[in-house]
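Written below as structure tokens is the structure these notes are about.
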Amino acid sequence: MEILKTFGVDPVLLGAQIINFLIIFYLLKRFLYKPVLGMLKKREDKIKEGLKQAEEARITLEKTLDQEKKILTKAQDEARKLIESAKIQAKDVGKEIEENTKRQAEKILLDARAQIEQDTKKMEQELSEKVSLLAENMLEKSLQGVFGEKEQKQIIGKALKNIKKAS
1 MEILKTFGVD
11 PVLLGAQIIN
21 FLIIFYLLKR
31 FLYKPVLGML
41 KKREDKIKEG
51 LKQAEEARIT
61 LEKTLDQEKK
71 ILTKAQDEAR
81 KLIESAKIQA
91 KDVGKEIEEN
101 TKRQAEKILL
111 DARAQIEQDT
121 KKMEQELSEK
131 VSLLAENMLE
141 KSLQGVFGEK
151 EQKQIIGKAL
161 KNIKKAS
């Protein structure tokens, strides 16, 4: 104990300080350190969870971007194919329209020729009838003073038969 007195340490005071330290240590540990350490632990867990979720989100984003690129590439390919198909169909439709137009033009020409032929035959028939009528009238007038009425009718009848045979 002498050493303690030499250094100026009072054992009662030292004991009281040790007891005060232990009481304060117990109170701090019980009421301050545990809640603060619990809050820090919760905070650390939240940060770890947030980092984990951020990493998962980054991976999901990368996968989504890859899928988006694949989808865009596929859509571009399909669009290119559709455009090529549309061009081919347009050419086919153009050819078909051209062929239909040619067929219609040929049909119109054939119909027009047939109509012209019919009109020509009709006009020839009408002309033949008019020529026959004109010839009959001319024969009647030219034969009036030369032959009798009965002979005129016979001559005119023969002449008309000959004209009809010729036409």
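Just so we're aligned, residue 1 is where the sequence shown starts under my numbering, counting upward by one. The beta carbon of each residue, even a glycine, is placed where N, CA and C say it ideally should be.
query = Leu139 to Gly148, Cα distance in whole Å?
reply = Near 13 Å, if we compare the C-alpha coordinates of Gly148 and Leu139.
Check whether Ser132 and Ile163 have beta carbons under 8 Å apart = In contact: Ser132 and Ile163 (Cβ atoms closer than 8 Å).
key: Unbroken alpha helix (DSSP H) run spanning Arg80, endpoints   = Counting along the chain, the alpha helix (DSSP H) containing Arg80 begins and ends at 34 to 143.
query = Does the distance from the C-beta atom of Leu160 to that of Glu136 stay below 8 Å?
reply = Cβ distance < 8 Å, so Leu160 and Glu136 count as in contact.
ask   = Taking the C-alpha atoms as reference points, what is the distance between Ser142 and Thr120?
value = Here the alpha carbon of Ser142 sits roughly 32 Å from the alpha carbon of Thr120.
Chain C contact for Leu109 (CB, 8 Å cutoff) = In the displayed structure, chain C is absent; only one protein chain is listed.
ask   = With DSSP run on the structure shown, which of helix, strand or coil describes Gly157?
value = Helix.
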